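Residue numbers (the numbering used here): -18 to 556.
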Amino acid sequence: MDQLRKILTSIGTNLGKLSFERKLLVGAVAVILVMVLFMVAQKASVPAASELLPGVAPADQQRAAAALDGLGIGYTLKSGRVYVQPADGPRARAALAEAGQLPGDKNLLFENLIASQRWTNSRQLNEQNYLIALQNELARTISEFKGVRGSRVLLDIPERQGIAERVRLPSASVSVMTDDGRAITQSMADAIAAFVGGSRAGLSADQIRIVDSTGRQWRATTDENALPTTYLDHAARVEETTRRKVSDLLGYIRGVVVAVTAQVDVTRSTAQIETNLPEKQGTVSVMKSRTETVKAVSESQPGAGAPGVEANQTADITRGPAGAGNRQDTSETREEFQVSVGTKRETIVDPKGHPTVVAVSVGVPRSFVAGLMKAGQAADAAATEPAEQDVRARFDQDVKPAIIATLLPHVRAMTAQANSGVSAEELTKMLQDSISVAMIPADVPAFEGTQTAGLLGSLGGGGDGVLGLPGNLVETGLLALLGVVALTMMLMMVKKAGKKTEMPTAEELVGLPPALETATDLIGEADEGETAMAGIEVDEGQMQNQKILEQVGEMVTKDPGSAARLLNRWIEIEQ
């Protein structure tokens, strides 16, 4: 401590002898040195980037990088591998899991968690540690999902069984706590099930149970349990489309009511057809080898000889000439062909989704039929209300058949695929039974055209307006009032803009005070004082001391070093 105290005392003594400018220079250098050390500490404290998907194929790395670009997460690409900051690793994996861009084998994500295992551990202990690390990593990644505050994952991975023992499938349970305490959506449940199911071989989505904050249990959507929802959604879509189309067709009828009910076929069928192609259309026969064998056999009759001893010579006078024998030629050709039968395999996937039955109900207001009958009367005739029987007869004879004829082609086109095996007569009868047109006995109030929203629409939308006045009159009055208000505001703005602006004088711009307009030469209340002000006498010595003081202050301000040396000469330190 004494040595440190001496060093500090020496530094303080030396700094005290420096001039003010040099002290400022030393302070600036010290500040710069501290800032440089701070920046070095900040750079050194930043952890190194870690690999996001260790051991994953380059193609999956590129897809992950493209997904991170769209998600706005920073990363670095080195040698075809994606590196992110350690703090961004869980968030990046969670975002990739939600987007469905994680690789198929997610076990590679957790190799860094078990790399520090000891070689003395048993195989069972290593597997147990790996399972715990896998559960924690899955829970941490699911916690980074949007709207999820925390999660827990429990995996049940049975051990390998021996021969002739029952095999147990792996299963998993996931508990999810949301930020607002509400239930999760089916899409999030499907994403969580797909993410957890891909982390272990043999773990299917139907073996995963998900429980949210409300205690509700969720299961992943499969083809079996998705069929009812798909049917209802598709049927509602077909009904809404058909209802809108029918409403457009019958838009000329004011107050028409349209209802549509549809039955759809959402069963998906897959057929695999294998066909052998005929010859020269895919089936070929190629000669592999050809062997030809020719065999000739000939027989000759020997000449007759005399009895007795014969000579042992070729030319023998005792033997007659030889006769012509039989000759037989045999030719054999052997060919070997290789036949290749052409096969045509077709996989036909029929998603269907077409409507099988469409029922349309149309309600026509009575006022529409009555209006048609009134329009058919002579112009000079009095417009009388038609009788109920006449209205009903006109509806049954003209209006109803016309509407059915208008809707019949559209309903036939929608159900043509489902009724392809039905004859034309049966189909027409069935479709006519599916279209119901009835007359509404009471008149349905309707507005001409589109109903106008807002104040003007409520005031002038037909009928009586405010205070029992007609709507058109009220609307005209409001428009006139708005016009008067707008004209008044415009005149006020023009008047304000035409007002002359008072400009400041030259004396006021340079800051000269205005001249005082007084009756006498006295200023203020000096003439009201009882006694005159007392004068102060200042001798020459006081003036000299005041002058020296001003000079010393000016020297200290401009040249502190010279002032310090001058003061050191004047000031004596008492011992």
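Every residue gets a Cβ at the ideal spot worked out from N, C-alpha and C, and that includes glycine. What you are looking at is a predicted structure, and each value in this text was computed from that prediction instead of being measured.
Tell me whether residue i is buried or exposed, calling it buried when 16 or more other Cβ atoms sit within 10 Å of its Cβ.
{"i": "THR223", "result": "buried"}
{"i": "ASP371", "result": "exposed"}
{"i": "LEU150", "result": "exposed"}
{"i": "PHE176", "result": "buried"}
{"i": "GLU381", "result": "Looking at the sequence provided, one finds Lys at residue 381 rather than Glu. Answer is buried; the Cβ neighbour count reaches 16."}
{"i": "SER347", "result": "Correcting the residue type first, residue 347 is Arg in the shown sequence and not Ser. Buried, since its Cβ has 16 or more Cβ neighbours within 10 Å."}
{"i": "GLN42", "result": "buried"}
{"i": "ARG74", "result": "buried"}
{"i": "THR311", "result": "exposed"}
{"i": "TRP551", "result": "exposed"}
{"i": "THR122", "result": "buried"}
{"i": "GLY178", "result": "buried"}
{"i": "ALA252", "result": "exposed"}
{"i": "PHE557", "result": "Because the chain here runs from -18 to 556, residue 557 falls outside it and cannot be looked at."}
{"i": "THR431", "result": "In this predicted model, THR431 has a pLDDT of only 38, less than 50, meaning its place in the structure is not dependable enough to derive any value."}
{"i": "THR354", "result": "According to the sequence provided, residue 354 is Met. The question's Thr does not apply to it. The residue in question, MET354, is buried, as its Cβ has 16 or more Cβ neighbours within 10 Å."}
{"i": "ILE529", "result": "exposed"}
{"i": "SER543", "result": "exposed"}
{"i": "SER401", "result": "exposed"}
{"i": "SER(-9)", "result": "exposed"}
{"i": "PRO390", "result": "exposed"}
{"i": "SER180", "result": "buried"}
{"i": "GLU483", "result": "exposed"}
{"i": "ALA419", "result": "exposed"}
{"i": "LEU(-11)", "result": "exposed"}
{"i": "LEU6", "result": "exposed"}
{"i": "LEU115", "result": "buried"}
{"i": "LEU34", "result": "buried"}
Check this for me: beta carbons of residue i and residue j, under 7 Å apart or not?
{"i": "THR387", "j": "LEU213", "result": "no"}
{"i": "LEU58", "j": "ALA47", "result": "no"}
{"i": "VAL320", "j": "SER266", "result": "yes"}
{"i": "PRO332", "j": "ARG249", "result": "yes"}
{"i": "ILE421", "j": "GLY344", "result": "yes"}
{"i": "THR211", "j": "VAL247", "result": "yes"}
{"i": "ALA172", "j": "ILE191", "result": "no"}
{"i": "ALA201", "j": "ALA182", "result": "no"}
{"i": "VAL227", "j": "VAL245", "result": "no"}
{"i": "GLY128", "j": "THR166", "result": "no"}
{"i": "LEU412", "j": "VAL392", "result": "yes"}
{"i": "THR314", "j": "GLU255", "result": "no"}
{"i": "GLU32", "j": "TYR56", "result": "no"}
{"i": "ILE565", "j": "PHE349", "result": "What the structure shows of the chain is the stretch from -18 to 556, and residue 565 is not part of that stretch, so it cannot be assessed."}
{"i": "PRO485", "j": "PHE1", "result": "no"}
{"i": "ALA351", "j": "PRO367", "result": "yes"}
{"i": "ALA164", "j": "ASP193", "result": "yes"}
{"i": "ASN257", "j": "THR203", "result": "no"}
{"i": "ALA30", "j": "GLN66", "result": "yes"}
Leaving out five residues on either side along the sequence, give the residues of the same chain with a beta carbon under 8 Å from the beta carbon of residue i.
{"i": "LYS476", "result": "none"}
{"i": "ALA76", "result": "ALA48, LEU49, LEU52, ILE54 and GLU125"}
{"i": "ASP161", "result": "GLY128"}
{"i": "ILE385", "result": "GLN413, ILE416 and VAL418"}
{"i": "MET536", "result": "SER543, ALA544 and LEU547"}
{"i": "ALA507", "result": "Legend: pLDDT at ALA507 = 49, less than 50; position of this residue unreliable, value from coordinates given subsequently. For ALA507, where only same-chain residues beyond five positions count, there are no Cβ hits under 8 Å."}
{"i": "LEU(-1)", "result": "VAL7"}
CB-CB under 6 Å to residue i, same chain, minus the five flanking residues each way: which ones, in chain order?
{"i": "SER60", "result": "none"}
{"i": "ALA80", "result": "ALA48"}
{"i": "ALA340", "result": "THR242 and SER415"}
{"i": "ARG197", "result": "ALA164"}
{"i": "THR328", "result": "GLN253"}
Can you list, in chain order, the residues of its chain whose CB lies under 7 Å from that of residue i, leaving out five sequence neighbours each side?
{"i": "GLU317", "result": "LYS269 and SER270"}
{"i": "ARG546", "result": "none"}
{"i": "GLN82", "result": "ARG44, ALA45 and ALA48"}
{"i": "VAL21", "result": "none"}
Under a CB-based cut-off of 7 Å, is residue i close to chain C?
{"i": "ALA48", "result": "Going by chain labels, chain C is absent from the structure shown, which holds only one protein chain."}
Requested in this report: Would you check if the region 392 to 407 and the region 327 to 345 touch, i.e. whether three or more CB-CB distances between them fall below 8 Å?
Outcome: yes
Query raised in the report: Which whole runs of the beta strand (DSSP E) in the region 1 to 76 are 3 residues long or more, in chain order?
Result: 57 to 59 and 62 to 65
Query raised in the report: Okay, do the region 127 to 135 and the region 148 to 166 touch, 3+ Cβ pairs below 8 Å being the bar?
Result: Counting C-beta pairs closer than 8 Å gives three or more between the region 127 to 135 and the region 148 to 166, which meets the contact rule.
Query raised in the report: Hey, is the region 52 to 70 in contact with the region 104 to 112, meaning 3+ C-beta pairs nearer than 8 Å?
Result: no
Query - In chain order, each alpha helix (DSSP H) run of at least 4 residues that lies wholly inside the region 188 to 276 - result: Listed in chain order, the alpha helix (DSSP H) elements of length 4 or more contained wholly in the region 188 to 276 are 204 to 230.
Query raised in the report: Considering only residues of the region 333 to 406, which uninterrupted beta strand (DSSP E) runs meet the minimum length of 3 residues and lie entirely inside it, listed in chain order?
Result: Runs found: 336 to 346.
**Report entry** In chain order, each alpha helix (DSSP H) run of at least 4 residues that lies wholly inside the region 121 to 153
**Finding:** As far as the region 121 to 153 is concerned, it has no whole alpha helix (DSSP H) run of at least 4 residues.
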